[in-house]
């Protein structure tokens, strides 16, 4: 079966799913309202609304936070509900192989990631450009560091999508999948601090926890060598004066490599869950 | 041509639960094959393994004389099936659900109208699946199973939970499919329905096949005699000593004797030799239910069918 056929099947399933529309409305509504408010402020009072390129780090961080929430909910719902309704087994009975079913779900996840990522970039660029209308622009719309952050956001959202796909396929229902996914992600800040306090191998591993990697991917410090060096120096001084209570920052290469490894692991886990379990 | 063949098919859950215990059976082209067994006997697990939604622990499956993972995946495209309850997207209409089925089976969506009309859902096609009655859901499931014009139709408990009218509709649909020359594999515990629609059966008990064959062969295996005497207790005692008796039950004032042969005269002579004189002796047709109860009950259960 062609990828196009799989896409057409998933489109048919998704386009009338109320929860997906609500999640998208929440994400884009929040963004547009935020950007529109800034633009109106700029026009009325001539204050900086969404000045580009300086606003990119904040907007990307905001987009990542909102994206984590929306992606987790939509991907887990779209995947786990197939188990609740037993439509996953019926799809296989009707002729879809388990691999095709997994591929279809991966296409849904990647499409949602692309939609959210493009939404953040295009909407921000559009509103930023509107704000500049009639004004002499000294700086480009995006600097090199902003482009790296955009790449980081794409990886960040893909990793969240992969985690959601894993919990969506592994959980026994949508509720269980969502609960496990949120618990997995948001318990890690505490676990990271605990690992740092334990020291040794735990301390070395702490920055590589998935949530730490997600945060590193949308942090300016990760992609700005100067800021990274300053932070590393601060951490070294903290270590000399006692134990640091935070995991050390990841370099860009470490964050990107860890993200790619995690994406492969979570997608592999999701595929294994579909392939091996009884439907 | 053998359509389904299983060899020593086994499904084990954990270390202690053996759901299907090395079953071997075969279904030939054109048969309407009933797969019978009490609840929890392994019927749905077996069908799940045939349809690749349950991974077998061991054993082999051949479908349309094909075996091997890829070959079986292709062979399964010649099957239309429903398993347990009808499984569709509740927020989509009956028509949209069949559009998904059509796209998976890679068949033209123009066949949807005919499929909906065949099961009498043409006028309700735009209603959401969640608003359908159980009978309508079952019929939509059959429409979905039939959409690819399958050579083999597998239906798991299709009449489950239906009222008599719904059961009649499902029976007519199955008979219609069989008359088209398709092979039908239907699991059920509704023995009357199976006896009325199937040509062959396999009976499964605690994960094992205890009998397989045509219904005619199965019911002809044994004879049943209904006998009465002035002293039912003495008659029951005498009948229990009869060497050709398989099972003996007391039913009201009559004694039912299941016999290895149909020699009623010998039975009469035997009880007379024990000092019991019969006031009534008559043969009774053995139903599928009688045989099923004999093969699947751990303790003898008196038949309640009309004499």
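Residue numbers (this note's numbering), protein chains in the order written: chain A, 1 to 279; chain B, 1001 to 1307.
Think of the CB as a built atom: it goes at the ideal place given N, C-alpha and C, for glycine as much as any other residue.
All values derive from a computational prediction rather than experimental measurement.
Next item on the list: Tell me, please, whether the CB atom of residue 85 of chain A is closer than 8 Å to any CB atom in chain B?
Entry: Judged by the 8 Å Cβ criterion, residue 85 of chain A is in contact with chain B.
Next item on the list: Have a look at A:32, A:111, A:124 and flag the residue whose alpha-carbon is nearest the alpha-carbon of residue 6 of chain A.
Entry: It is A:111 whose Cα lies nearest to the Cα of residue 6 of chain A.
Next item on the list: Using a Cβ cut-off of 8 Å, pull out every chain A residue sitting near residue 1090 of chain B, in sequence order please.
Entry: 85, listed in chain order.
Check: Would residue 1 of chain A count as contacting chain B if we go by Cβ distances under 8 Å?
Finding: Proximity of residue 1 of chain A to chain B, defined by a Cβ-Cβ separation below 8 Å, is satisfied.
Check: Any idea which residues DSSP pairs residue 1017 of chain B with across the strands?
Finding: In the DSSP output, where bridge partners are listed per residue, residue 1017 of chain B has B:1013.
Notebook entry, point to check: Fully enclosed by the segment 28-81 of chain A, which alpha helix (DSSP H) runs are 4 residues long or longer?
Noted result: For the segment 28-81 of chain A, not a single whole alpha helix (DSSP H) run of length 4 or above is found.
Notebook entry, point to check: Is there a Cβ from chain B that is less than 8 Å from the Cβ of residue 96 of chain A?
Noted result: Interface residue, yes.
Note to self: Counting beta carbon pairs with one atom in the segment 62-72 of chain A and one in the segment 226-239 of chain A, are three or more of them shorter than 8 Å?
What the structure shows: Using a Cβ-Cβ distance cut-off of 8 Å, the segment 226-239 of chain A and the segment 62-72 of chain A are not in contact, since fewer than three pairs of beta carbons, one from each stretch, lie closer than that value.
Notebook entry, point to check: Would a C-beta distance cut-off of 8 Å place residue 1148 of chain B and residue 1184 of chain B closer than the cut-off?
Noted result: Taking 8 Å as the Cβ cut-off, residue 1148 of chain B and residue 1184 of chain B do not qualify as a contacting pair.
Note to self: Which same chain residues end up closer than 6 Å to residue 1302 of chain B when comparing Cβ atoms and leaving out the 5 residues on each side of it in sequence?
What the structure shows: Unreliable placement is indicated for residue 1302 of chain B, whose pLDDT of 40 sits below 50; no coordinate value is reported for it.
Notebook entry, point to check: Relative to the alpha-carbon of residue 14 of chain A, which residue among A:26, A:79, A:61 has its alpha-carbon at the smallest distance?
Noted result: The residue from A:26, A:79, A:61 with its alpha-carbon nearest to that of residue 14 of chain A is A:79.
Check: The alpha helix (DSSP H) spanning residue 1191 of chain B covers which residue range?
Finding: Unbroken alpha helix (DSSP H) run through residue 1191 of chain B: 1191-1197.
Check: Is there at least one non-hydrogen atom of the ligand GDP closer than 7 Å to the beta-carbon of residue 1156 of chain B?
Finding: The model depicted lacks the ligand GDP and carries no ligand whatsoever.
Check: Based on the DSSP secondary-structure assignment, which residues constitute the bridge partners of residue 1131 of chain B?
Finding: According to DSSP, residue 1131 of chain B bridges with nothing at all.
Check: Can you give the Cα-Cα distance for residue 1260 of chain B and residue 1237 of chain B, rounded to whole angstroms?
Finding: Counting only the Cα atoms, residue 1237 of chain B lies some 18 Å from residue 1260 of chain B.
Notebook entry, point to check: For residue 1188 of chain B, which residues does DSSP report across the bridge?
Noted result: Answer is B:1036, bridged to residue 1188 of chain B.
Note to self: Mapping the DSSP letters down to three states, classify residue 174 of chain A as helix, strand or coil.
What the structure shows: Taken through DSSP and simplified to helix, strand or coil, residue 174 of chain A comes out as helix.
Item checked: residue 1056 of chain B versus residue 154 of chain A - alpha carbon distance -> Going from the Cα of residue 1056 of chain B to the Cα of residue 154 of chain A covers about 41 Å.
Item checked: contact_flag[the segment 1010-1023 of chain B, the segment 1181-1195 of chain B] where n(CB pairs < 8 Å) is 3 or more -> In short, these stretches do not touch, since the Cβ pair count stays below three.
Item checked: Nearest to residue 1150 of chain B (by Cα), restricted to the options B:1097, B:1265, B:1079, B:1051 -> It is B:1079 whose Cα lies nearest to the Cα of residue 1150 of chain B.
Notebook entry, point to check: Identify the residues that DSSP records as bridge partners of residue 13 of chain A: which are they?
Noted result: Under DSSP, no beta-bridge partner is assigned to residue 13 of chain A.
Next item on the list: Kindly give me the distance between the Cβ atoms of residue 1213 of chain B and residue 1030 of chain B, rounded to whole angstroms, as I take these residues to be in contact under 8 Å.
Entry: With a Cβ gap of about 16 Å, residue 1213 of chain B and residue 1030 of chain B do not count as contacting.
Check: Among A:165, A:237, A:119, A:91, which one has its Cα closest to the Cα of residue 180 of chain A?
Finding: Answer by Cα proximity: A:165.
Notebook entry, point to check: Expressed to the nearest angstrom, what Euclidean distance is found between the alpha-carbon atoms of residue 65 of chain A and residue 87 of chain A?
Noted result: A direct Cα-to-Cα measurement between residue 65 of chain A and residue 87 of chain A gives close to 31 Å.
Check: Between the C-alpha atoms of residue 261 of chain A and residue 215 of chain A, what's the straight-line distance to the nearest angstrom?
Finding: Cα to Cα, residue 261 of chain A sits roughly 16 Å from residue 215 of chain A.
Next item on the list: Over the uninterrupted alpha helix (DSSP H) stretch that includes residue 1280 of chain B, give me the two end residues.
Entry: That residue, residue 1280 of chain B, is in no alpha helix (DSSP H); its beta strand (DSSP E) goes 1278-1284.
Check: Where in the segment 1223-1278 of chain B do unbroken runs of the alpha helix (DSSP H), each at least 4 residues long, occur, reported from the N-terminal end onward?
Finding: 1232-1240, 1264-1273, all fully within the segment 1223-1278 of chain B.
Next item on the list: Tell me whether residue 207 of chain A is buried or exposed, calling it buried when 16 or more other Cβ atoms sit within 10 Å of its Cβ.
Entry: By the neighbour-count definition (other C-beta atoms within 10 Å, threshold 16), residue 207 of chain A is a buried residue.
Next item on the list: Let me know the secondary structure DSSP gives residue 1301 of chain B once reduced to three states.
Entry: Residue placement at residue 1301 of chain B is poorly supported in this model, since its pLDDT is 42, which falls under 50; the coordinates are not used for a value here.
Note to self: Please give the ranges of any alpha helix (DSSP H) in the segment 1123-1179 of chain B, keeping only runs that are unbroken, at least 4 residues long and fully inside the region.
What the structure shows: For the segment 1123-1179 of chain B, whole alpha helix (DSSP H) runs of length 4 or above, ordered along the chain, are 1134-1146, 1164-1179.
Check: Helix, strand or coil: which one does DSSP assign to residue 111 of chain A?
Finding: Helix at residue 111 of chain A.
Notebook entry, point to check: For residue 1101 of chain B and chain A, any beta-carbon pair shorter than 8 Å?
Noted result: Contact with chain A is found for residue 1101 of chain B, since one of that chain's Cβ atoms lies less than 8 Å from the residue's Cβ.
Next item on the list: Since I believe residue 1170 of chain B is in contact with residue 1159 of chain B (beta carbons under 8 Å), could you give me their beta-carbon distance rounded to a whole number of angstroms?
Entry: About 5 Å separates the CB atoms of residue 1159 of chain B and residue 1170 of chain B; that is less than 8 Å, so the two are in contact.
Margin query: Helix, strand or coil for residue 160 of chain A? Go by DSSP, reduced to three states.
Written below: Correct three-state label for residue 160 of chain A: helix.
Next item on the list: Return helix, strand or coil for residue 1202 of chain B, following the three-state DSSP convention.
Entry: Three-state DSSP puts residue 1202 of chain B in a strand.
Notebook entry, point to check: Got a sec, what are the start and stop residues for the beta strand (DSSP E) residue 1119 of chain B sits in?
Noted result: Premise fails: residue 1119 of chain B is in no beta strand (DSSP E) and is neither H nor E.
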